[in-house]
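Visitor: Below you will find the structure I want to go over with you.
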Amino acid sequence: MSYPVKIHGEQQAGLEIQEFLSAWDNVVCQLDIQKIVGYCVADVCFFDTSSQTSGILAYQALWQRYSSVFQANVRVYRRDVLIHATESMGFISCYSKVDRDDGVETPKIPWCRSTLAVRKTAQGWKIQHQHISLPVDFATQQAIPLYF
């Protein structure tokens, strides 16, 4: 993990969640949908700017629908990562994007606001809720890209 992380609350759980997030990012980069959904609870829900899904099958279908957008050799980039943790629940907020793994930025890929709610299960930490968004200019109804 090459970005700073702040942990609030239960430190040990926060470190576990940080490890989970790193593993999640690696699975996303492998673009293996079966592994991706393995990191989620059965009733996972996902919100983004254009859709909302509930349940593991809908989440899997969402990944399959957008799988052609992703390419090989990608990396998840994160900024301003904040983890709030208890022994059984965690909340992660940050800016994120998926881009080339060589560090050369793709100009049309903006940073998104990301939140993940995770909970500890018998199998370890799992994603309960994921939300990804871009700010919107309400006057124009256009996304406001975030660039750092």
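For the sequence shown, UniProt numbering gives the first residue as 1, with consecutive numbering after it.
Note that the Cβ used here is the ideal one computed from N, Cα and C, for glycine as well.
(1) Which residues share a DSSP beta bridge with R113?
(2) Does the count of Cβ pairs from the region 71-90 and the region 1-20 closer than 8 Å reach three?
(3) Tell me which residues share the same chain as V98 and place their Cβ nearer than 6 Å to its Cβ, disregarding the 5 neighbours each side in the sequence.
(4) What would DSSP say about Q71, mapped onto helix, strand or coil?
(5) From D101 to P110, what distance separates their C-alpha atoms?
(6) Using DSSP bridges, identify the partner residues of A58.
(7) Who pairs with Q30 in a beta bridge, going by DSSP?
(8) Let me check understanding here. Comparing Cα to Cα, which of P4, V69, K35, G9 lies closest to K108?
(9) Which of the three DSSP states, helix, strand or coil, is assigned to K38?
(10) With a cut-off of 8 Å, do at least 3 Cβ pairs link the region 28-35 to the region 110-125?
(11) Keeping to the same chain, check which residues put their C-beta closer than 6 Å to that of T53; ignore five residues upstream and five downstream.
Guide: Looking at the atomic coordinates:
(1) Y95, S133
(2) Because the criterion of three Cβ pairs below 8 Å is met, the region 71-90 and the region 1-20 touch.
(3) In chain order, V74, V76 place their CB closer than 6 Å to the CB of V98, counting only its own chain and leaving out the 5 sequence neighbours on each side.
(4) coil
(5) Straight-line Cα distance between these residues: approximately 15 Å.
(6) Answer is none; A58 lacks a bridge partner.
(7) Answer is none; Q30 lacks a bridge partner.
(8) V69
(9) Checking the displayed sequence, the identity of residue 38 turns out to be Gly instead of Lys. Of the three classes helix, strand and coil, the one that applies to G38 here is helix, per DSSP.
(10) Because the criterion of three Cβ pairs below 8 Å is not met, the region 28-35 and the region 110-125 do not touch.
(11) For T53, where only same-chain residues beyond five positions count, the Cβ hits under 6 Å are F46, Y59, L62.
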